[in-house]
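K.L.:
Residue numbers (the working numbering): 45 to 193.
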């Protein structure tokens with residue numbers, strides 16, 4: 045049982061421990077507890093989500109991504125992104141939006157339909173687009189969706 049084994053390490057130490065775990069997991073079962081979901085995504089073969097002491101989801105990374113499949117478009121604009129968030133929230137292709145710093149993550153049902161519609165709106169509105177990237181759900185996205193936050 046490893047409880048947050050890399051939380052207090054510098055980037056070199058973290059990398060060293062994660063590589064060690066990668067080798068060890070071939071020979072034995074490792075229970076790896078962490079809040080750093082990127083580490084779990086990198087190291088773990090099977091993932092369990094606990095919420096209030098109850099297992100609320102489990103599976104391999106591929107199984108979790110398939111069960112919680114939702115396409116995402118990451119956008120970044122020059123200047124204040126709040127005005128774009130308010131406009132995008134009302135777009136018919138958008139299910140929900142999250143914002144982290146200057147990046148707006150737009151979650152959609154149909155990626156092709158949303159891509160076309162959003163690019164049209166950006167072009168017609170002459171929005172100062174810096175980034176338009178289609179992404180898949182991360183383990184953190186899935187966790188937030190499962191626990192309802």
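Beta carbons are placed, not taken as given, at the ideal position from N, Cα and C, and that holds for glycine.
Here the structure is a predicted model, which is why all the values come from computation and not from measurement.
If we count Cβ pairs, one from each stretch, closer than 8 Å, do we get three or more for the stretch 83 to 95 versus the stretch 111 to 124?
P.N.:
Short answer: they don't touch.
K.L.:
Does DSSP classify residue 91 as helix, strand or coil?
P.N.:
Residue state, collapsed to three classes: strand.
K.L.:
Let's see if you can read the secondary structure: which residues bound the beta strand (DSSP E) around residue 97?
P.N.:
Where residue 97 is concerned, there is no enclosing beta strand (DSSP E), given that its DSSP letter is neither H nor E.
K.L.:
Among 134, 144, 183, whose alpha-carbon lies nearest the alpha-carbon of residue 79?
P.N.:
Among 134, 144, 183, the Cα nearest to that of residue 79 is on 183.
K.L.:
Answer yes or no: do residue 199 and residue 75 have a C-beta to C-beta separation smaller than 8 Å?
P.N.:
Because the chain is modelled from 45 through 193, residue 199 falls outside the range shown and cannot be assessed.
K.L.:
Could you pull the DSSP bridge partners for residue 144 from this structure?
P.N.:
147.
K.L.:
Residue 117 bridges to which residues according to DSSP?
P.N.:
For residue 117, which the question treats as bridged, DSSP gives the partners 150, 178.
K.L.:
Drop a sphere of 10 angstroms on the beta-carbon of residue 50, count the other beta-carbons inside from all chains shown, and report buried for 16 or more, exposed for fewer.
P.N.:
Burial call: buried.
K.L.:
If you scan the stretch 46 to 93 from start to end, which runs of the alpha helix (DSSP H) of 4 or more residues do you find wholly inside it?
P.N.:
55 to 68, 81 to 87, all fully within the stretch 46 to 93.
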